[in-house]
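Just so we're aligned, residue 1 is where the sequence shown starts under the UniProt record's numbering, counting upward by one. All C-beta atoms in this analysis are idealised placements derived from N, C-alpha and C, irrespective of residue type, glycine included. No experiment lies behind these values; they were computed from the predicted model shown. Data first, discussion second: the structure below is written as structure tokens.
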Amino acid sequence: MSSSEIPRKRPRVESPPPTENTTSETGHDRDTEFWFEDGTIILIAGNFEFRVYKGILASCSTVFRNMFTFPQPESSSTSATSSSSSTSDCPFVHVADSPEDIREILRCLMPGKGSSTPFSPDARPTFQAVSACVRLGHKYELDHLLDSALGYLRRYYPTDFNTYASHPAPPPSFRPVHSIGVVNLARLIGAHDLLPIALYECCALQATELLEGFHRDDGTHESLSRADLALCIKAQAALVKAHVQRAVSITTGAQYVPSMHVYMTCKFAVDNVAHTNLTHIGTMTNTRALAMRPLWIIEGPPGTALPCTNCMAFLENQDLAQRRWVWNCLPNLIGVAVVDWKQA
């Protein structure tokens with residue numbers, strides 16, 4: 001099985017603010033975004049009720065279809081429901097998910113809620129939305145939803161260099177710390193191809209964020225496992241070393257052929273770049289070994305004369321070659337195995 005294939009068995013397991021709600025006769029809050037008066041099933045998640053269409057959920061998920069056939073336990077809602085003319089004929093199902101997560105998947109599945117387009121090329125889904133679609137898509141075997149969410153993540157956490165250069169992580173509506181959540185999603189569903197870039201992004205976090213993680217919109221705490229935290233701490237040193245090697249290799253032994261009339265200017269400029277690189281080596285802590293064209297590497301100190309256009313282009317090509325070298329080594333630098341990692 002390639003790393004981009006994910007298992008279909010169900011393991012256990014940032015959205016917009018909750019919508020306005022009204023308190024139903026059951027004592028739960030009715031979600032006004034997903035309360036269809038002609039709905040045929042009531043999902044109870046936390047203290048929220050969602051009245052939606054059983055047929056739609058059952059057609060998308062065998063898990064939901066089987067769940068709807070199970071007898072539901074008595075709850076405080078049953079006696080109240082029997083006296084409610086609006087819900088007495090509507091069955092209910094308790095789900096062990098947060099209201100925020102349920103709301104996110106219903107936005108994708110229910111009619112009139114932008115279904116089938118939450119991960120279109122111009123969409124900017126939040127981390128909460130993507131996370132809910134991956135976790136609940138996997139849990140309830142909502143394969144189309146899961147595949148769409150994973151496809152979105154793979155635009156920004158890819159296995160090929162050109163895709164990464166076009167769409168560097170994190171996604172537009174994600175915060176850098178959300179890469180911790182991407183690592184956890186990858187571990188949850190076995191999508192190991194997401195790990196190199198997700199862990200690479202984690203390595204660039206401030207120490208407090210890396211150690212403490214963050215909270216999703218529903219209050220759930222996300223943090224790295226001890227094993228992944230150890231990978232990041234070890235990888236940080238390896239990435240800094242690779243970044244230094246990349247910087248030095250741009251000018252060391254560079255066999256460029258500058259224009260004759262600017263030869264001395266170019267040589268002086270390149271020598272200054274090399275000197276700047278060597279000066280930074282002892283204090284460099286930047287793990288961004290894949291970063292595009294760090295200015296201090298190419299341009300040297302402020303006020304330094306720049307190489308001519310031809311020599312600058314040569315240096316930039318040298319730098320691109322070094323970025324590709326870092327890319328090819330990235331899984332080893334991070335400490336993860338990816339079967340189909342594409343060489344740049």
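Residue range of the beta strand (DSSP E) that R103 falls in? Here residue 103 refers to the residue found at position 103 when the sequence shown is read from its first residue. First-last for R103: 99–109, but that is the alpha helix (DSSP H), not the beta strand (DSSP E).
Assign F34 to buried or exposed, taking buried as 16 or more other Cβ atoms, counted over all protein chains shown, within 10 Å of its Cβ. Here residue 34 is taken as the residue at index 34 of the sequence shown, counted from 1. Answer is buried; the Cβ neighbour count reaches 16.
Mind reading off the beta-carbon distance from residue 350 to E104? Whole number of angstroms is fine, and I expect it under 8 angstroms. Any property of residue 350 remains undetermined from this structure, which presents the chain solely from 1 to 344.
Measuring straight from C-alpha to C-alpha, what distance separates S61 and D143? Reading the sequence shown from its first residue, position 61 is the one you call residue 61. Reading the sequence shown from its first residue, position 143 is the one you call residue 143. One C-alpha to the other measures close to 8 angstroms.
In its own chain, which residues sit with a C-beta less than 8 angstroms from the C-beta of A337, not counting the 5 before and 5 after it? Within the sequence shown, numbered from 1, the residue matching residue 337 stands at position 337. The residues are H192, P331.
Buried versus exposed, by CB contacts within 10 Å (16 or more), K342: Here residue 342 refers to the residue found at position 342 of the sequence shown. With fewer than 16 Cβ atoms within 10 Å of its Cβ, K342 is classed as exposed.
Short of 6 angstroms in beta carbon distance, which residues of its chain neighbour L145, apart from the five on each side in sequence? Order them along the chain. As a working note, residue 145 is residue 145 in the sequence shown. Excluding sequence neighbours, L145 sits near C108, C133, G137.
Identify whether H261 lies in helix, strand or coil by the three-state DSSP scheme. Here residue 261 refers to the residue found at position 261 when the sequence shown is read from its first residue. With a pLDDT of 49 at H261, under the threshold of 50, the predicted position of this residue should be treated as unreliable, and no value is reported.
V177, DSSP secondary structure in three states: By 1-based counting over the sequence shown, the position of residue 177 is 177. Of the three classes helix, strand and coil, the one that applies to V177 here is coil, per DSSP.
Which ranges does the alpha helix (DSSP H) cover as unbroken runs of at least 4 residues, wholly within the region 139–187, from first to last along the chain? 143–156, 161–166
What is the C-beta distance between R95 and A129, in whole angstroms, given that I count them as a contact (C-beta under 8 angstroms)? As a position in the sequence shown, residue 95 is number 95, starting the count at 1. As a position in the sequence shown, residue 129 is number 129, starting the count at 1. A quick correction: the sequence has Val, not Arg, at residue 95. Their Cβ separation, rounded to whole angstroms, is 18 angstroms, which puts V95 and A129 out of contact at 8 angstroms.
Between the alpha carbons of residue 345 and W325, how many angstroms are there, rounded? It is not possible to answer for residue 345, since the shown part of the chain is limited to 1 through 344.
With respect to the alpha helix (DSSP H) encompassing E316, which residues constitute its N-terminal and C-terminal limits? One-based indexing of the sequence shown puts residue 316 at position 316. Per DSSP, E316 belongs to the alpha helix (DSSP H) from 309–334.
Identify, in the order they occur along the chain, each residue of the same chain with its Cβ nearer than 6 angstroms to the Cβ of S148, setting aside the five sequence neighbours on each side. As a working mapping, residue 148 is identified with position 148 in the sequence shown. These residues qualify, in order along the chain: F119.
Residues in its own chain within less than 7 angstroms of Q322 by CB, not counting five upstream and five downstream? As a working mapping, residue 322 is identified with position 322 in the sequence shown. These residues qualify, in order along the chain: R246, S249, I250.
Burial state of F70, where buried means 16 or more other Cβ atoms lie within 10 Å: For the purposes of this step, residue 70 is taken as the residue at position 70 of the sequence shown. Looking at its Cβ environment, which holds fewer than 16 other Cβ atoms inside 10 Å, F70 is exposed.
H215, buried or exposed, once every other Cβ within 10 Å from all chains shown has been counted against 16: As a first step, residue 215 is located in the sequence shown; it is residue number 215 there, counting from the start. Label assigned to H215: exposed.
T220 Cβ short of 7 angstroms to the ligand MN heavy atom set: Inclusion of the ligand MN in the displayed structure is not the case, the ligand content being empty and no account of it being possible.
Just reading off the alpha helix (DSSP H) that R51 is part of, what are its end residues? Taking the sequence shown and counting its residues from 1, one reaches residue 51 at position 51. Taken as a continuous stretch (DSSP letters only), R51 belongs to no alpha helix (DSSP H), being part of the beta strand (DSSP E) at 48–52.
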